[in-house]
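Before any comments, here is the structure.
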Amino acid sequence: MSSSKKIVLWSRKGCQACQELKAFLAEKGYSYENVDVEGRDYLRDILELKYGVRHVPVVEIGSHGIYEGITDSDFARIERLLSGSERSGGES
């Protein structure tokens, strides 16, 4: 992973898809910041404003204040963004 890319995982306890994403990131050796939305509706409000969703998991990948939000468990796309073969903003 490029050291300039940051990963933020929005998740909650008991979320199977969240656990799968955490396992994927750990397996690949990526460090990430976890934002637990459990019982914090204001955090779900932020997700809704940013990406139009209130569900988790959401993965944000980026740097320098520009982040790409992935609102599903698209492991291949996450890997492309982290490897640099796809740029933030959906550019290839």
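To convert, note that position 78 of the sequence shown is 78 in the numbering used here; the numbers rise steadily by one, no gaps.
Just so you know, even glycine gets a beta-carbon here, dropped at the ideal spot from N, CA and C.
Environment of residue i [buried if 16+ CB atoms lie within 10 Å]
i: Y42; result: exposed
i: E27; result: exposed
i: L47; result: buried
i: L9; result: buried
i: L25; result: buried
i: E38; result: exposed
i: L49; result: exposed
Beta-carbon spacing of residue i, residue j below 8 Å
i: E33; j: S73; result: no
i: D36; j: S11; result: yes
i: I7; j: Y30; result: yes
N- and C-terminal bounds of the beta strand (DSSP E) containing residue i
i: K6; result: K6 to S11
i: D36; result: E33 to D36
i: Y67; result: I66 to I70
i: G39; result: Element bounds for G39: n/a, residue is neither H nor E.
Residue i, enclosing alpha helix (DSSP H) - first and last residue
i: E79; result: F75 to S83
i: C15; result: No alpha helix (DSSP H) holds C15; DSSP gives it neither H nor E.
Residues that DSSP places opposite residue i in a beta bridge
i: V56; result: Answer is none; V56 lacks a bridge partner.
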